[in-house]
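Protein chains in written order, with our numbering: chain Z, 1 to 328; chain E, 1 to 328.
A virtual CB, placed ideally from N, CA and C, is assigned to each residue, including glycine.
There are 2 protein chains.
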Amino acid sequence: MSIRIGIVGYGNLGRGVEYAAAANDDMELVAVFTRRDPQTVKIHTPGVPVVNVKDAAAWKDKIDVMILCGGSATDLPVQTPQFVRDFNVIDSFDTHAHIPDHFAAVDAAGKETGHLGMISVGWDPGLFSLARAYGNAILPGGKDYTFWGKGVSQGHSDAIRRIKGVKNAKQYTVPVEAALASVRNGENPDLTTRQKHTRECFVVLEEGADPAYVENEIKTMPNYFDEYDTTVHFISEEELLKNHSGLAHGGFVLRSGKTGENKQHNHIIEFSLKLDSNPEFTTSVLVAYARALNRMAKEGRTGCVTVLDVPPAYLSAKSGEELRRSLL
Amino acid sequence: MSIRIGIVGYGNLGRGVEYAAAANDDMELVAVFTRRDPQTVKIHTPGVPVVNVKDAAAWKDKIDVMILCGGSATDLPVQTPQFVRDFNVIDSFDTHAHIPDHFAAVDAAGKETGHLGMISVGWDPGLFSLARAYGNAILPGGKDYTFWGKGVSQGHSDAIRRIKGVKNAKQYTVPVEAALASVRNGENPDLTTRQKHTRECFVVLEEGADPAYVENEIKTMPNYFDEYDTTVHFISEEELLKNHSGLAHGGFVLRSGKTGENKQHNHIIEFSLKLDSNPEFTTSVLVAYARALNRMAKEGRTGCVTVLDVPPAYLSAKSGEELRRSLL
């Protein structure tokens, strides 16, 4: 029997879940829920209804896992604790500082109603969190390093767009190769913010705007840019759309630590991602964890869990015996 | 209360467990068991008894997890199913083809006696198995690549030492950089055995042996060398001991797969290790999983499990709340 999947929100993530569910034989997309007029939302899978999100509760017995594809700023803090009252739910909530609060809200509502929620599933938080957890447990006393990119940071691009005279902008976060090499080399460096990443900005100016003013506003912006080496390129809107509309991203998590009688042996554990499409990869992770969530819910677990609570075998449709034979 | 650890077998792995247990505040080494005369075995930790392995059963209520540090060829197939009758046990059994049989033997004995065993814990099998499991679940339809090295292969070194005229030898398995680069580049290559690894041999000849004969015997040896590009260096025993006694190793697991409506986006998940000491890293993994094993056993689980069955959070001494706040 297939795992019946529902999608809430049909943007980049919602579409990604749709593709990922289609790539897994044991998944069946049964409905897409939207805040827009359902008539205006065209999805790819033939025969799957698009439903007004207000009518979602009527689907509570027809969906095994509801995958929430809203944003972390305003959608998920409301939606996840609300939907877990009727469904087993999974989200990609990625505001690290607010994870404990979000967890508590989903946990309480899930326990009260007998459902299971899984939050912060994706690659960071998500797979990068796993890499940190495994690395910390295996090499106690070691050092963690996380590098992001090369990829577009939505938050930094938005910050540039708020500057007077800027029409459009994209900001790439770029890991510094020399810093990565030093970590890989076992040098266990102490790295400042500036030494880990550079920021590269592609900016479209409004008619008559002053490039020197905009460049200075960017480079001196507190928190976002002032602690980084930042490069600013002024380009046309056409060039921005043509060359900087991609959704590629990636990054590196490294754990470096020492063992032995005199701590004389160094070890490096490295996990990295190189992604052509950030939202499609994030949703591929979500869909694999939806399978695990379904299994954990069937076992009677309620409340809230994260990727740290999930046995790896639960992500797979294969039996334990098959996995031991083919992958162990 | 500390987790009380016992070690069976005091070679490179046993010593590694001793160091790793000392590096974890919640672990206490309570005894080392040996087949040798206990008087002749000197361990590093003051006050910890060395006991004849025949007397191990007397310690059944004093040890939470027994870590088995024997070899996979002849020790563990006997020891693990035997020790799980009295203890919760963990081993690093690494003969991939025999894992299903080993699992079945430990599972049956553990279920019968109410203990839990965990097998094949280390880096391959172990962390590399995890990387393969996560990668396969997240990118279905993708391709797996595993590269080993640079590091000494004990099996290949032994094979060379069996050749007539060879006094001593070390064999390094070396991943081919160009093949790794092609995978990282998203080219999804089909790689032959020869294209993935080269083999580099350092050989000490016996007095009067014929180097041409030995070199030919090595390079044409079925399974071990004939499918690889192999380099043979003849060196002195002094040079071998001085420059080739290290236990460094490592490797790479990559998963490459496509997503999207037309599978137009490629993604690379890469996990790699660069280890100064293969046995010390392996035992660092064993000790972290001993913590998880202790917790799963306390929850009432019996029989046999592998790393694929263990929630990542169980490897850590930190609470779920702490992990969510600091690592997620």
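Heavy atom of the ligand FAD within 7 Å of residue i beta-carbon
| i | result |
| --- | --- |
| Glu206(E) | Looking at this structure, you won't find the ligand FAD or any other ligand, since it has none at all. |
Given residue i as reference, the closest of the options once Cα atoms are compared
| i | options | result |
| --- | --- | --- |
| Ala169(E) | Thr231(E), Ile5(E), Ala133(E), His96(E) | Thr231(E) |
| Tyr19(E) | Pro140(Z), Leu308(Z), Pro38(Z), Glu215(Z) | Pro140(Z) |
| Gly11(E) | Ala131(E), Ile99(E), Arg35(E) | Arg35(E) |
| Ser256(E) | Leu275(Z), Val253(Z), Ile268(Z), Glu239(Z) | Leu275(Z) |
| Val287(Z) | Gly260(Z), Ile269(Z), Leu315(Z), Lys298(Z) | Leu315(Z) |
| Gly208(E) | Lys164(E), Val183(E), Arg15(E) | Lys164(E) |
| Lys62(E) | Lys219(E), Leu254(E), Phe103(E), Gly6(E) | Gly6(E) |
| Gly122(E) | Ala104(E), Gly114(E), Tyr145(E), Phe93(E) | Phe93(E) |
| Gly343(E) | Thr193(E), Phe83(E), Thr146(E), Asp91(E) | For residue 343(E) there is no data in the structure shown, the boundaries of chain E being 1 and 328. |
| Ala317(E) | Thr302(E), Leu293(E), Asp309(E) | Leu293(E) |
| Arg15(Z) | Arg194(Z), Glu227(Z), Val41(Z), Ala56(Z) | Val41(Z) |
| Val106(E) | His96(E), Ala97(E), Phe87(E), Asp124(E) | Phe87(E) |
| Gly149(E) | Arg291(E), Arg199(E), Asn262(E) | Arg199(E) |
| Gly9(Z) | Pro311(Z), Ala23(Z), Ile99(Z), Asp75(Z) | Asp75(Z) |
| Val32(Z) | Val65(Z), Val176(Z), Met1(Z) | Val65(Z) |
| His44(Z) | Ala21(Z), Ala58(Z), Leu328(Z) | Ala21(Z) |
| Asn52(Z) | Glu177(Z), Ile268(Z), Gln39(Z) | Gln39(Z) |
| His197(Z) | Pro175(Z), Asn188(Z), Gly155(Z), Ala137(Z) | Pro175(Z) |
| Gly260(Z) | Glu280(E), Ala290(E), Ile268(E), Met27(E) | Glu280(E) |
| Asn214(E) | Leu180(E), Arg162(E), Ser236(E) | Per the sequence shown, the amino acid found at residue 214(E) is Val instead of Asn. Closest option to Val214(E), Cα to Cα, is Arg162(E). |
Short CB-CB distance (under 8 Å) between residue i and chain A
| i | result |
| --- | --- |
| Leu308(E) | Looking for chain A here will not work: the only protein chains present are Z and E. |
Contacting residues, own chain, Cβ-Cβ under 7 Å from residue i (five flanking each side not counted)
| i | result |
| --- | --- |
| Phe234(E) | Val203, Leu205, Pro211 |
| Gly151(Z) | Tyr172, Thr173, Ala248, His249, Gly250, Asn278 |
| Thr302(Z) | Gly110, Lys111, Gly114, His115, Leu116 |
| Thr220(Z) | Asp226 |
| Leu240(Z) | Asn168, Lys170, Phe202, Val204 |
8 Å Cβ cut-off: residues of chain E touching residue i
| i | result |
| --- | --- |
| Tyr19(Z) | Thr259, Gly260, Glu261 |
| Gly117(Z) | Near Gly117(Z) there are no residues of chain E at all, since even the closest Cβ is about 13 Å away, more than 8 Å. |
| Pro311(Z) | Leu308, Asp309, Val310, Pro311 |
| Leu191(Z) | Ordered by position in chain E, no residue passes the 8 Å Cβ test against Leu191(Z), which lies about 18 Å from the chain. |
| Leu315(Z) | Ala133, Tyr134, Ala137, Ile138 |
| Pro100(Z) | Glu321, Arg324, Arg325 |
Chain-ordered chain Z contacts of residue i [CB-CB under 9 Å]
| i | result |
| --- | --- |
| Leu29(E) | Under the 9 Å cutoff, chain Z gives no residues; its nearest Cβ is about 14 Å from Leu29(E). |
| His44(E) | Glu261 |
Collapsed DSSP secondary structure at residue i in the structure displayed
| i | result |
| --- | --- |
| Leu247(E) | strand |
| Lys143(E) | strand |
| Val307(Z) | helix |
| Ile90(Z) | strand |
| Phe225(Z) | coil |
| Lys242(Z) | helix |
| Asn52(Z) | strand |
| Thr193(Z) | helix |
| Arg117(Z) | Reading off the sequence shown, one finds Gly at residue 117(Z), where the question assumed Arg. Residue state, collapsed to three classes: strand. |
| Gly320(E) | helix |
| Leu180(Z) | helix |
| Gly11(Z) | coil |
Where residue i meets chain Z, residues with beta-carbon distance less than 8 Å
| i | result |
| --- | --- |
| Val285(E) | Ile138 |
| Ala23(E) | Pro140, Gly141, Thr259 |
| Lys274(E) | Arg184, Gly186, His267, Ile268, Glu270 |
Close Cβ partners of residue i (< 6 Å) along its chain, the five nearest in sequence each way excluded
| i | result |
| --- | --- |
| His244(E) | Lys170, Phe202 |
| Gly142(Z) | Arg255, Ser256, Gly257 |
| Arg85(E) | Ala109, Thr113 |
| Ala56(E) | Phe33 |
| Phe83(E) | Met66, Val89 |
Own chain, CB closer than 8 Å to residue i, minus 5 neighbours either side, in chain order
| i | result |
| --- | --- |
| Leu127(E) | Phe271, Leu273, Val285, Val307 |
| Gln264(E) | Lys258 |
Extent of the continuous alpha helix (DSSP H) to which residue i belongs
| i | result |
| --- | --- |
| Ala131(E) | 127 to 138 |
| Asn216(E) | 211 to 219 |
| Phe103(Z) | 99 to 113 |
| Thr302(Z) | Here Thr302(Z) belongs to no alpha helix (DSSP H), and DSSP marks it neither H nor E. |
| Glu187(Z) | Looking at the DSSP string, Glu187(Z) is not in any alpha helix (DSSP H), and its letter there is neither H nor E. |
Boundaries (first-last residue) of the beta strand (DSSP E) holding residue i
| i | result |
| --- | --- |
| Arg4(E) | 3 to 8 |
| Ala31(E) | 27 to 34 |
| Ile43(Z) | Here Ile43(Z) belongs to no beta strand (DSSP E), and DSSP marks it neither H nor E. |
| Leu273(E) | 265 to 275 |
| Arg85(Z) | Neither: Arg85(Z) is in no beta strand (DSSP E) and is coded neither H nor E. |
| Ile67(E) | 65 to 68 |
| Thr231(E) | 229 to 234 |
| Tyr172(E) | 166 to 175 |
| Thr198(Z) | 197 to 205 |
| Gly329(E) | The structure shown has nothing for residue 329(E), since chain E only spans 1 to 328. |
Interface residues of chain E facing residue i [CB-CB closer than 7 Å]
| i | result |
| --- | --- |
| Pro125(Z) | Leu328 |
| Gln130(Z) | Looking at the sequence itself, residue 130(Z) is Leu, so the reference to Gln does not match. Neighbours of Leu130(Z) on chain E, chain order: Pro312. |
| Phe103(Z) | Arg324 |
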